[in-house]
Amino acid sequence: MVNAESVRNSLVLFNVLFLVQTVMDIGVLTGGVSMPEGMTYARYAHRGAYPLVATALLAGVFAIATHKMIKANKFQQKLLYLWLGQNLFLVITAVYRLSLYVEAYTLTYLRVAAFIWMLLVFAGLILTIIQIRQSKKIAWLVRSNLAVLAATLYLCCFVNFAYVITSYNIQNANTANRFDERYICELGEQALPLILEQDQKTGIRMCMGYHYGRPIFEPISDWREWGFRKWRLQAYLGEKLHR
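At position 3 of the sequence shown (counting the first as 1) the number is 3 in the numbering used here, and the numbers step up by one without a gap.
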């Protein structure tokens, strides 16, 4: 049965559990505590990213469902805000875990998507706090989250993620962690500018492997083929060829 007492007990339990996780994360991320034997950066990052989905949804649903019940109880309100705050901290540590993973294993489309997802979760938690604090309707929260999602998708249309991934992997390559040439070559034509720059820099042609080849750019020949990123790439390659 859901009542004021059960809500209070749940909030206390949630905060204690999250506090334990927070202290452990701080210990590991600051270098004061070593990771368990056999634990790799990959597993450490995955354990921080995937449970984030469940905990964020749980925090949002629980907060929305119970905030009216605890509205008159200042202590329970503080417990609720503390729990949401710990969820925000969990997102931050998950982002940091993923950054360590990327630093060790390079950047990919999936890891970029994970960063974007975590930022959306963070924004959703902030909006949930605002909704509770200002006693706004559930419809406002739904509309606000949809607006953030739509704005994110719109902005992503103008980002050349293949270029971003290639740039990061090449710039952060070293003798211990060389970039995956095959993966870069499979990113397609949008990675061509950096592939050509790397050719000039090293004097060695990239993407000449047996199982993969250099991306081929097909110029825009029809208005139906037009796209913002394709148009920018065609302009860049045209300028480069005429130098």
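Think of the CB as a built atom: it goes at the ideal place given N, C-alpha and C, for glycine as much as any other residue.
Closest by C-alpha distance to residue i, when choosing among the options
{"i": "V148", "options": "A63, R182, K137, I116", "result": "I116"}
{"i": "R229", "options": "C207, A191, E197, M206", "result": "A191"}
{"i": "Q134", "options": "C156, A151, H67", "result": "H67"}
{"i": "A139", "options": "T55, E239, R224, I64", "result": "I64"}
{"i": "M24", "options": "A72, L84, R97", "result": "R97"}
{"i": "A94", "options": "P215, I26, L187, W231", "result": "I26"}
Same chain, Cβ closer than 6 Å to residue i, neighbours up to 5 away in sequence not counted
{"i": "W226", "result": "I220"}
Residues near residue i by beta carbon distance below 7 Å, same chain, minus five either side
{"i": "I127", "result": "Checking the displayed sequence, the identity of residue 127 turns out to be Leu instead of Ile. Correct list, in chain order: L141, S144, N145."}
{"i": "T55", "result": "N87, L90"}
{"i": "S167", "result": "L194"}
CA-to-CA distance, residue j to residue i, given in whole angstroms
{"i": "F75", "j": "N9", "result": "12 Å"}
{"i": "L82", "j": "K201", "result": "52 Å"}
{"i": "L100", "j": "F122", "result": "19 Å"}
{"i": "V112", "j": "A72", "result": "42 Å"}
{"i": "F62", "j": "M206", "result": "52 Å"}
{"i": "V7", "j": "M118", "result": "27 Å"}
{"i": "A173", "j": "Q198", "result": "12 Å"}
{"i": "V102", "j": "M69", "result": "43 Å"}
8 Å CB neighbourhood of residue i in its chain, flanking five on each side removed
{"i": "K136", "result": "I130"}
{"i": "D180", "result": "T106, N169"}
{"i": "Y163", "result": "Q190, A191, P193, L194"}
{"i": "C185", "result": "A191, I195, M206, C207, G209, Y212, G213, R214, P215"}
{"i": "W231", "result": "I220"}
Integer-rounded CB distance, given that residue j should sit under 8 Å from residue i
{"i": "L107", "j": "I165", "result": "5 Å"}
{"i": "V12", "j": "L79", "result": "7 Å"}
{"i": "F217", "j": "E189", "result": "5 Å"}
{"i": "T152", "j": "L110", "result": "Between L110 and T152 the Cβ distance is about 17 Å, and since that is not below 8 Å, they are no contact."}
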